[in-house]
Amino acid sequence: MAGESSSGPLHGLPTASPPPAPAALLISSPVLILGGPSPAASELCQRLRGIDVKVLLASSAETARQALQVDAPELFVMDARSSRRVSDGEKVLEDLRAGTDPSAVLHWFDADVDLQRLLETVRPRDDHMAGPISVDEALRRLHFITARLPERAEGERLLVGDLELDTAARTVRRGGRDIDLSDTEFRLLRLLMRHARTVLPKAEILQQVWEYEFAGQANIVELYISYVRKKIEADMPRMIHTVRGAGYVLRPAEHGPSGLTSASSAGSP
């Protein structure tokens, strides 16, 4: 009809829907990898940390049991290949299962693994891989194993020593004292607490907190480490430690006779 505008969508015709958001890997945190050192375990550890999943590496029964007590992982990777398996690995795995319910395991076997062993070892919630390990495939399998576990409550409560962070309420407390952090400071502390007792390089911190690759910007990491230190360590023992040439690590404070560590007054990042 003359005079009518032809701009805009035509009445009665469906408008195009926006494309759906791409699916993302969803993996329970933390994940305990039980087995001797290997390229596959190292790459899987790096990839998991890259999607903000806490990873615990255990190359002995004692280390695995300590990790279970501290972090209560629900998801395990059991490297049962003959060149990587830990001593008494099956017994250790049973202890881990008994200490965490529910739990699920991704088993790594040699290519010639016996069918009877598979049937005896792999449980309904579990999954397994045999032969050369593809880390991409391992990540996919961990994603689907996670879906077999009961859903976690929304949010996450992290506790390291007397320091507590609640992601749902977005609160930080230490020794009963509320601590106010900016968004960036909160993300930085959450990263350090998720990987407590693990040294994180500056490049990894920069990538995960600021979401871009390390490009000579270590000064921003040092700056925000100093901000967070001032807030969580004010008149209290030190928790964030500098590992020269390696990065930063957050650990529970060690209280001396005076109640403060010797490093608590150090100001360098």
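Once you know that position 159 of the sequence shown is 159 in UniProt numbering, the rest is easy, because the numbers rise by one and skip nothing.
Glycine is no exception: its CB is placed at the ideal position from the N, C-alpha and C atoms.
Taking the Cα positions, arginine 170 is about 32 Å away from alanine 98. The C-beta of glycine 35 has 16 or more other C-beta atoms within 10 Å across all chains shown, which makes the residue buried. If you look at alanine 40, you'll find it in the alpha helix (DSSP H) that goes 39–50. For alanine 147, the uninterrupted alpha helix (DSSP H) segment begins and ends at 135–148. Per the coordinates, the alpha-carbon of glycine 161 lies some 15 Å from the alpha-carbon of arginine 229. By the Cβ rule, the segment 112–123 does not count as touching the segment 135–150, because fewer than three pairs are nearer than 8 Å.
Beta-bridge partners assigned by DSSP to glutamate 164: Leu159, Arg173. Ranked by Cα distance from leucine 165, the first of Ala111, Asp95, Met78, Leu192 is Leu192. DSSP, reduced to helix, strand and coil, places threonine 184 within a helical segment of the structure shown. Closest by C-alpha distance to valine 86, out of Leu75, Leu25, Leu57, Ala111, is Leu57. In its chain, beyond the 5 residues on either side, Ile179 have a beta carbon closer than 6 Å to the beta carbon of lysine 231. Burial is judged here by how many other beta carbons sit within 10 angstroms of a residue's own beta carbon; phenylalanine 109 has at least 16 and is buried. The continuous beta strand (DSSP E) containing isoleucine 33 extends over residues 31–34. Nearest to arginine 251 by alpha-carbon distance, out of Arg197, Glu204, Leu223, is Arg197.
Cβ neighbours of leucine 44 within its own chain (closer than 6 Å, five residues either side excluded): Val135, Ala138. Here arginine 140 is exposed. Its C-beta has fewer than 16 other C-beta atoms within 10 Å.
Residues Ala61 of the same chain have their beta carbon placed closer than 7 Å to that of aspartate 88, with the five preceding and five following residues left out of the count. A direct Cα-Cα distance of roughly 25 Å separates tyrosine 248 from arginine 65. Counting along the chain, valine 55 sits inside the beta strand (DSSP E) bounded by residues 55–58.
Pairing histidine 241 with glutamine 208, the inter-Cα distance amounts to about 19 Å. At the C-beta level, valine 113 and alanine 130 come within 8 Å of one another.
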